[in-house]
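S.K.:
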């Protein structure tokens with residue numbers, strides 16, 4: 003009797019008729035609890051736990067799983083112990099209790115190993131990898147996900163579940179700040195899914211594409227994949243709505259049939275049965291209307307979420323444009339200052355200096371005048387000489403700006419202060435051993451190198467911190483420019499367009515050494531050593 007009731011309950015469970023399934027399974031459990039043969043009871047408890055989980059009652063589901071596990075342990079049923087531990091891990095995972103989930107998934111693994119159920123081991127490894135990723139323990143996450151991947155590669159599995167491993171690995175790489183590696187893994191997931199994956203699998207893949215491209219700053223591609231994800235989400239919504247309506251219709255038909263049978267069995271209760279049927283129909287229709295309203299509300303929420311994501315991408319694009327404009331303004335300020343210094347220096351040298359030189363020449367001629375005013379002419383000539391020398395000195399100082407007047411220490415400070423952006427870029431300068439001036443050619447070369455390096459940080463790095471160091475140690479000038487930006491691969495040809503070729507040529511011309519330490523997401527450090535002759 004209990005076995006038959008359990009089988010009927012299982013059939014209702016497979017048909018998603020959870021109310022009817024619960025009734026039959028509880029009746030079967032009640033019979034078995036009062037009998038000597040309880041071998042079927044832990045399986046019934048586990049099925050009841052799955053039903054409560056499907057209907058959103060996680061607390062009751064966990065309680066039935068625990069009862070099932072206790073009985074399987076008494077019966078020494080390794081298969082049951084493994085499966086229920088795995089199910090408990092899933093329930094705690096769903097409730098965000100990650101430490102408990104880790105415990106049960108790890109407990110399930112040795113039982114699956116003993117049973118030689120490698121698929122169960124792989125699923126446990128995949129779950130452990132995802133949980134560790136949620137806890138940002140990336141090393142452990144990568145270890146378990148790769149173990150799961152090895153199983154699929156060894157068994158040559160063509161299961162759609164294999165794509166989940168690549169999707170999880172792609173999310174891990176993106177979380178670690180390696181979106182480019184994430185794209186490679188997403189390509190592998192797409193190859194496995196092909197045309198075999200379900201709508202939800204393809205929705206998850208398209209959404210992962212969108213998030214990864216957004217992190218790479220490729221917003222056009224991100225928009226395309228986000229739109230595809232939204233289209234699939236709408237399809238999933240419509241299917242779920244249809245399935246829910248069909249389920250409600252089936253429940254209604256089953257209930258109606260039961261009521262009709264009751265009417266045939268008891269004509270005397272016809273009035274009561276009709277009234278009950280009307281109430282049930284009204285209630286089911288009300289539930290149906292509620293479900294429809296709920297689904298439309300969820301759809302509106304999804305659209306609002308997509309709109310917010312698009313707005314976020316738009317704001318990121320605007321911020322990037324503002325940053326590029328700030329770089330242009332900084333470069334324009336530097337160029338304008340340099341051009342103005344050169345123009346004023348040329349004006350002083352060519353116009354005022356030339357006029358004073360001519361005036362001096364005329365007084366030289368007048369000094370031969372025999373009228374006895376030689377002393378007055380000599381005083382005037384000395385004054386002209388002094389003025390001429392001062393004009394030349396001013397023109398030379400202006401031609402070199404703060405570099406020519408104060409040296410590389412003050413000129414570097416001007417560059418760093420000009421690059422500083424409160425709240426956006428914290429730029430600092432550290433100097434050592436620059437109390438005395440360096441040779442002029444070394445100062446000019448160092449100044450130009452700093453201009454190029456700081457300009458590169460502003461244009462390309464997206465950094466929030468910049469540190470510039472100038473150190474003179476014996477006959478060597480050490481230049482270090484370090485930022486915490488997005489980094490780059492200095493070996494790629496496209497990177498040469500960032501001014502690195504000019505920097506390499508300048509350093510080579512000075513017989514110096516250039517070292518660049520950079521990588522995607524790890525910032526950049528440029529170190530230059532220049533010999534001082």
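Residue numbers (the numbering used here): 3 to 535.
Glycine included, every Cβ here is placed at the ideal spot set by N, Cα and C.
Residue 37 lies in the beta strand (DSSP E); which residues open and close that run?
M.R.: Here residue 37 belongs to no beta strand (DSSP E), and DSSP marks it neither H nor E.
S.K.: Identify the continuous beta strand (DSSP E) that holds residue 481 and give its terminal residues.
M.R.: Counting along the chain, the beta strand (DSSP E) containing residue 481 begins and ends at 478 to 485.
S.K.: Is it buried or exposed, residue 240, if we count other Cβ atoms within 10 angstroms and call 16 or more buried?
M.R.: Bear in mind that a pLDDT of 49 at residue 240, under 50, signals an unreliable position, so the number given afterwards is only what the model happens to contain. Looking at its Cβ environment, which holds fewer than 16 other Cβ atoms inside 10 Å, residue 240 is exposed.
S.K.: Out of 424, 427, 531 and 503, point me to the one whose CA is closest to residue 444's CA.
M.R.: Nearest C-alpha to residue 444: 531.
S.K.: Could you tell me whether the Cβ atoms of residue 317 and residue 219 are closer together than 9 angstroms?
M.R.: Going by C-beta atoms, residue 317 is not nearer than 9 angstroms to residue 219.
S.K.: Rounded to the nearest angstrom, what separates residue 430 and residue 533 at their Cα positions?
M.R.: Using only the alpha carbons, I get a separation of about 24 angstroms.
S.K.: Where does the unbroken beta strand (DSSP E) through residue 527 begin, and where does it stop?
M.R.: Residue 527 -> beta strand (DSSP E) spans 526 to 533.
S.K.: So, with DSSP's three-state summary, where would you put residue 445?
M.R.: If DSSP states are grouped into helix, strand and coil, residue 445 belongs with the helices.
S.K.: Excluding the five sequence neighbours on either side, which residues of its own chain have a C-beta within less than 7 angstroms of the C-beta of residue 467, listed in chain order?
M.R.: Cβ neighbours of residue 467 beyond the five flanking positions: 428, 485 and 486.
S.K.: Counting only the same chain and skipping the five closest in sequence on each side, list residues whose C-beta sits under 6 angstroms from that of residue 47.
M.R.: Correct list, in chain order: 66, 69 and 70.
S.K.: Using DSSP with H/G/I as helix, E/B as strand and the rest coil, what is residue 241?
M.R.: Reliability fails at residue 241, whose pLDDT of 48 lies under 50, so the model's placement of it is uncertain and the value that follows must be treated cautiously. If DSSP states are grouped into helix, strand and coil, residue 241 belongs with the helices.
S.K.: Rounding to the nearest angstrom, what Cα-Cα distance links residue 194 and residue 165 in this structure?
M.R.: Near 6 angstroms, if we compare the C-alpha coordinates of residue 165 and residue 194.
S.K.: Can you tell me whether residue 13 is buried or exposed, with buried defined as 16 or more other CB within 10 angstroms of its CB?
M.R.: With fewer than 16 other Cβ atoms within 10 Å, it is exposed.
S.K.: Where does residue 119 fall in DSSP's three states?
M.R.: Three-state DSSP puts residue 119 in coil, outside helix and strand.
S.K.: If you pair each beta-carbon of the region 146 to 154 with each one of the region 181 to 188, do three or more pairs fall below 8 angstroms?
M.R.: With a cut-off of 8 angstroms, the region 181 to 188 and the region 146 to 154 do not count as touching, because too few Cβ pairs lie within range.
S.K.: I'd like to know whether the C-beta atoms of residue 525 and residue 489 end up nearer to each other than 9 angstroms.
M.R.: Yes, Cβ-Cβ distance for residue 525 and residue 489 is below 9 angstroms.
S.K.: Going by beta-carbon coordinates alone, are residue 169 and residue 210 separated by less than 9 angstroms?
M.R.: In contact: residue 169 and residue 210 (Cβ atoms closer than 9 angstroms).
S.K.: Does the CB of residue 420 have a neighbour CB from chain C at under 9 angstroms?
M.R.: You won't find chain C in this structure, because it holds only one protein chain.
S.K.: Please classify residue 564: does DSSP put it in a helix, a strand, or coil?
M.R.: Absent from the structure is residue 564, since the part of the chain shown begins at 3 and ends at 535.
S.K.: Rounding to the nearest angstrom, what Cα-Cα distance links residue 296 and residue 21 in this structure?
M.R.: Approximately 21 angstroms between the Cα atoms of the pair.
S.K.: Could you give the uninterrupted runs of the beta strand (DSSP E) lying entirely in the region 414 to 445, keeping only those of 3 residues or more?
M.R.: Fully enclosed beta strand (DSSP E) runs of 3 or longer: 428 to 434.
S.K.: Quick check on residue 441: buried or exposed, where buried means 16 or more other Cβ atoms within 10 Å of its Cβ?
M.R.: Classification for residue 441: exposed.
S.K.: Between which two residues does the alpha helix (DSSP H) harbouring residue 149 extend?
M.R.: Taken as a continuous stretch (DSSP letters only), the alpha helix (DSSP H) holding residue 149 covers 140 to 157.
S.K.: Do you know offhand how far residue 382's Cα is from residue 437's?
M.R.: Whole-angstrom Cα-Cα distance: 40 angstroms.
S.K.: In whole angstroms, what is the alpha-carbon distance linking residue 217 and residue 181?
M.R.: Taking the straight line joining both Cα atoms gives about 7 angstroms.
S.K.: In this structure, how does DSSP classify residue 519 when only helix, strand and coil are distinguished?
M.R.: Strand at residue 519.
S.K.: Let me check one thing: in DSSP terms, what residues is residue 300 bridge-paired to?
M.R.: Answer is none; residue 300 lacks a bridge partner.
S.K.: On the DSSP bridge list, what partners appear for residue 459?
M.R.: Residue 459 pairs with nothing; no bridge assigned.
S.K.: What is the rounded straight-line gap between the Cα of residue 4 and the Cα of residue 30?
M.R.: Their Cα atoms are separated by approximately 4 angstroms.
S.K.: Is residue 474 near residue 434, with beta carbons less than 9 angstroms apart?
M.R.: Contact flag set, yes.
S.K.: In three-state terms, what does DSSP make of residue 467?
M.R.: Three-state DSSP puts residue 467 in a strand.
S.K.: Using CA atoms only, rank isn't needed, just tell me which of 230, 85 and 105 is closest to residue 94.
M.R.: Nearest option by C-alpha distance: 105.
S.K.: Suppose contacts are defined by Cβ-Cβ distances below 9 angstroms. Is residue 153 in contact with residue 131 by that definition?
M.R.: No. Outside cutoff.
S.K.: Where does residue 245 land, buried or exposed, given buried means 16+ other C-beta within 10 angstroms?
M.R.: For residue 245, the pLDDT reaches just 49, beneath the cut-off of 50, and the residue's location in the model is therefore unreliable, leaving the point undetermined.
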